[in-house]
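Taken in order, these protein sequences are the chains called A and B. Numbered according to our numbering, the first sequence spans residues 2 to 669. Numbered according to our numbering, the second sequence spans residues 25 to 229. Virtual Cβ for every residue (Gly too), placed ideally from N, Cα, C.
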Amino acid sequence: MTIIDEPLALESGETYAEKPLGILTRPQAQGGWKDWVSTVDHKKIGIMYGVAAMFFFVVGGFEALLIRTQLAFPDQGFLSADLYNQIFTMHGVTMVFLFIMPLAAAFANYLIPLQIGARDVAFPRLNALSFWVWLSGAIFLNTSWIVGGGGANCGWFCYSPNSGIVFSPTHGVDFYAIGLLITGIASLVSAVNLIVTCLNMRAPGMDLMRMPVLTWMLLVTQFLLAFALPVITVALLLLLFDRTFDSQFFDPDAGADPLLWQHLFWIFGHPEVYIIILPSFGIISEIIPTFSRKPIFGYTAMVFSGIAIGFMGWGVWAHHMFVSGIGPISVAAFSLATMFIAVPTGVKILNWLTTMWGGKLHFTTAMLFATGTVAMFTIGGLSGVTHSLAPADTQQTDTYYIVAHFHYVIFGGGVLGLFGGAYFWWPKVFGHFLNERRGKINFWAMLIGFNLTFGPMHVLGLQGMSRRIDTYSAGYGFDFWNLMSTLGSYLIAVSVVVFFYNVWKSKKEAVDLPPPGPDPWDARSLEWSVPSPTPEHNFDEVPQVESFDHWWFQKYEIDDDGKVVRIAETEAVAQDGSATGVHLPSPSFWPLVLAIGLPIIGYGIIFNLWLCVIGGLLTGGAIYAWVFEPVDDPNAGHGHDDHHEDEAGDDQLAGVGSGSASDDEGEG
Amino acid sequence: MSTATATADAHHDHDPHATNTGISNNKLAMWLFLSTECLLFGALISTYLLYKTRGNGGVLPTDIFDIPFTSVSSFVLLMSSLTMVLALSAVARGEMDRGKAWLLVTAMLGGVFIGGQVYEFTSFYREGLGYTSNPAASAFYTLTGFHGVHVSLGILMLMSLWVSAQQGKLTQKNSETVEIVGLYWHFVDIVWIFIFTVIYLIPPA
């Protein structure tokens with residue numbers, strides 16, 4: 002349980018146990034599945050986050066198609082009311098916690114170290130832990146379909162007392178609570194890790210105000226995660242205690258206050274909105290300057306508006322509760338705060354547009370997605386401001402107008418941006434392009450399908466159609482727009498299929514195409530100065546950063562007339578990835594073992610407390626084995642030149658300490 | 025780090041203490057973790073304050089607080105912060121025997137506090153305040169129970185440090201490890217000062 006900065010010195014002359022606890026040998030293999038399950042490389046972890054997130058995107062998308070199929074025509078019985086409740090709940094939970102957040106984590110893991118000129122994150126093993134814990138929580142959550150008597154059926158915000166044992170008698174809500182607790186641990190560990198990385202691991206000269214906007218937005222996101230997750234942790238634990246140990250937190254008959262859950266949930270839930278949107282803001286802030294051939298307009302304003310959103314995001318949660326009876330003063334205060342938070346967001350939109358203004362625009366697929374993000378988010382943002390007007394919001398609450406609004410923000414603002422990021426960084430990650438022609442089909446199908454799905458919901462909502470009702474009667478004027486919406490959702494599904502086909506086909510075609518080279522888009526930030534795909538050690542030599550957009554100024558300079566002049570060919574200034582003398586942190590199995598223990602504890606709480614003992618032993622044992630496993634395996638072959646005289650304790654790459662703050666899960 | 029010269033000297037690269045902030049990664053991570061803990065305890069304390077008068081007709085925690093008893097156990101916990109500092113100071117000077125002794129004393133004082141909490145919970149239960157009695161009781165036990173779990177984990181960490189020192193793995197060179205565990209320990213104490221003041225000492229309105 003101790004926190005060890007570096008492998009402890011072995012002054013007594015003893016050697017490290019090769020098998021901590023005598024069970025697992027230190028993984029040495031290169032390649033194969035062992036390489037993936039034991040990796041601590043931030044790039045591999047990022048790829049695994051991406052793959053797993055896309056898997057759950059398909060799961061959540063399938064649930065969405067079921068919902069839309071049920072609502073295509075009035076009075077349908079395709080899904081029972083109970084199943085419908087479970088499916089819309091699990092759709093929301095899956096898309097928020099198992100798709101968008103981990104997909105953003107994929108970008109954060111892969112790109113933050115590269116963009117700040119580091120060789121890995123601050124705590125490589127904790128990074129692996131975050132992924133495996135998240136994945137085990139995600140799988141746990143979905144096993145409720147099989148062993149829990151169905152999914153949670155209380156809506157993604159699971160208001161009490163509806164979430165109590167009386168109204169939700171199956172184990173679905175238990176799986177919801179424990180599953181989100183487990184994924185919450187993962188996000189919390191990841192947040193601490195990435196904040197330390199951003200604050201401590203920057204390359205020489207990479208001041209905070211030279212960090213790319215993406216890294217800045219991801220940093221703000223990690224702070225939001227770090228402070229929002231403990232609150233939902235408390236809420237979920239209280240819910241779990243109510244359901245498991247008969248505590249009285251949410252039982253109104255015993256005098257409990259149903260608003261407690263709402264406040265705790267939305268104090269987390271509103272920052273969560275910015276946790277979802279800010280990574281996408283960051284991504285398009287990289288794409289738009291690159292394809293406008295201009296630096297980002299108002300870098301400082303961009304950074305500070307992101308920070309402002311991060312702060313103000315804490316002061317608007319109760320606008321989700323205008324009809325909950327929180328009193329006129331609260332309503333007025335939160336109305337005003339909600340109007341104000343549109344200001345920094347507006348600053349960002351202005352800056353993206355002014356970046357494009359007068360630029361030489363190249364509408365690649367990534368740029369199309371980025372532009373689409375700006376446009377769609379603006380629509381979602383505007384409908385969001387209408388919610389700050391409490392009298393109007395009272396009419397809109399729990400109607401499809403709300404559903405339309407948050408899908409414009411989360412899908413239009415978040416998902417489109419993340420897809421744009423995928424097209425943009427694909428050559429960097431995998432060493433080949435995604436096909437542009439299919440990419441554009443993907444984009445247009447998704448954009449049209451998205452608007453066809455969620456645009457009509459504005460109309461339906463204003464006509465009074467309630468969300469979360471499993472069907473509707475003919476003759477209320479809902480029929481036509483619901484059918485349109487359903488057709489739109491099928492078009493989105495087609496666009497996703499095109500994306501997967503593009504991924505598969507582009508890889509096959511790549512063998513006949515020239516490799517993209519380090520900097521195919523002629524971009525601006527440091528990750529483009531290394532070969533594609535990124536070599537395992539990232540940088541041959543840690544860059545010495547002299548300005549914002551340092552990499553771009555290696556290639557170009559601005560002459561006396563203010564004209565951009567090319568001063569060097571990309572290949573001449575890019576690194577060639579040939580370094581051999583770089584120490585990397587050794588892989589470890591313990592993050593995976595620790596992560597497997599947690600869902601076993603979860604099943605134990607629900608079914609049989611003895612399982613908790615098994616899971617607890619697995620987790621506790623893994624923590625101790627982890628702590629006494631040195632960060633760098635002294636027996637690992639380094640295969641290079643200059644550092645053999647170093648003692649094991651000094652074999653660390655720049656600033657990478659061991660990630661052993663494993664007691665951090667104390668509250669889970 | 026930002027003053028480094030352009031020639032990336034290999035050994036400069038390998039200096040584990042060369043961080044941008046000058047604070048080691050581990051210590052910064054602990055500070056961040058503790059800052060998230062503020063939100064955790066903040067939410068639990070708010071929950072108790074919301075519910076402290078909601079007894080559903082039964083006993084309230086505020087009816088049966090034994091202030092003198094809890095004052096003593098609070099004093100014991102606060103003193104453990106002092107012994108924690110003495111442990112760190114001894115390890116930092118390389119006086120390992122003294123350091124180990126103070127680590128043990130710190131863990132024992134924490135153990136006394138936990139023992140006091142067990143006694144308190146037991147006597148409250150006998151006086152009719154069960155975990156499921158009413159919202160106030162649930163909130164009280166959850167908040168103080170969470171704090172107790174944090175103290176217990178702290179004791180586990182202190183004992184792990186003691187065992188490491190006993191095996192010769194913890195030396196003067198790693199005194200920062202003791203410092204980081206100390207951060208956690210002091211934080212848990214500070215939280216208790218809040219809980220004791222707000223929950224025990226301020227009478228219900």
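Separation of A/Thr95 and A/Leu142 (C-alpha to C-alpha, rounded to the nearest whole angstrom) is 9 Å.
For the 8 Å CB-CB criterion, A/Gly605 and A/Trp611 form a contact. Listed along chain A is no residue with a C-beta nearer than 7 Å to that of B/Ala111; the closest approach is about 13 Å. Pairing B/Leu73 with B/Thr166 gives a Cβ-Cβ distance that is not under 8 Å. Shown here for A/Pro296: same chain residues with a beta carbon closer than 7 Å to its own, the five before and five after excluded, namely Pro290 and Asp550 in chain order. The count of Cβ pairs closer than 8 Å, one atom from the region 139-152 of chain B and one from the region 188-197 of chain B, stays below three, leaving the stretches out of contact. Interface residue (Cβ-Cβ distance to chain A less than 8 Å): B/Leu101 is not classified as such. Taking 8 Å as the threshold, the shortest C-beta distance from B/Thr60 to chain A falls below it. Each residue's CA atom was taken as its position, placing A/Leu488 and A/Leu448 some 13 Å apart.
Inclusion of A/His433 and A/Pro329 in the CB contact set at 8 Å is not warranted, their separation being larger than that value.
With contacts defined by Cβ atoms closer than 8 Å, A/Val193 and A/Ala227 form a contacting pair. The region 149-156 of chain A and the region 106-117 of chain A do not touch, with fewer than three beta-carbon pairs separated by less than 8 Å.
Residue burial annotation: A/Glu630 is buried, with at least 16 other C-beta atoms found within 10 angstroms of its C-beta.
In the displayed model, A/Tyr557 falls within a strand according to three-state DSSP. Rounded to the nearest whole angstrom, the CA to CA distance from A/Met313 to A/Ile342 is 6 Å.
B/Pro85 is outside the set of residues whose beta carbon lies under 8 Å from a beta carbon in chain A. A distance of 8 Å or more separates the beta carbons of A/Pro114 and A/Ser526. For A/Arg69, the uninterrupted alpha helix (DSSP H) segment begins and ends at His43 to Gln71. At a beta-carbon threshold of 7 Å, the residues of chain A lying near B/Pro159 are Gln249, Phe250, Ala255, Gly256 and Ala257, ordered along the chain. For A/Val386, the enclosing alpha helix (DSSP H) stretches over residues Thr366 to His388. Between B/Ala160 and B/Tyr75, the CB-CB gap stays under 8 Å.
Here A/Lys349 is buried. Its C-beta has 16 or more other C-beta atoms within 10 Å. Within chain B, the C-beta atoms nearer than 9 Å to that of A/Pro231 come from Thr60, Glu61, Cys62, Leu63, Leu64, Phe65, Gly66 and Ala67, in chain order. Between the alpha carbons of A/Ile493 and B/Leu182 lies a distance of about 55 Å. For the C-beta of A/Phe312, not a single chain B residue is nearer than 9 Å; the gap to the nearest is close to 15 Å.
DSSP lists A/Thr400 as the bridge partner or partners of A/Ser467. The way I'd put it, the region 378-387 of chain A doesn't touch the region 426-440 of chain A; fewer than three beta-carbon pairs between them come closer than 8 Å. Take the alpha-carbon of B/Val96 and the one of B/Asp90: they are about 10 Å apart. Counting only runs of 4+ residues, the alpha helix (DSSP H) found wholly inside the region 547-634 of chain A occupies 551-556, 571-574, 591-607 and 610-628, in chain order. Shown here, A/Ala119 sits in coil according to DSSP, grouped into three states, outside any helix or strand. A distance below 8 Å separates the beta carbons of A/Ser293 and A/Gly360. Not a single C-beta of chain A is nearer than 8 Å to the C-beta of B/Tyr143. Between A/Phe444 and A/Gly413, the CB-CB gap reaches or exceeds 8 Å. Look at the region 113-126 of chain A: the residues with a C-beta under 8 Å from a C-beta of chain B are Ala123 and Phe124.
Within the same chain, and ignoring the five residues on either side of A/Leu585 in sequence, the residues whose Cβ sits closer than 8 Å to its Cβ are Asp42, Arg120, Asp121, Glu537, His538 and Leu654. Positions of the alpha helix (DSSP H) runs, each at least 4 residues long and wholly inside the region 154-197 of chain A, cannot be given because no such run exists.
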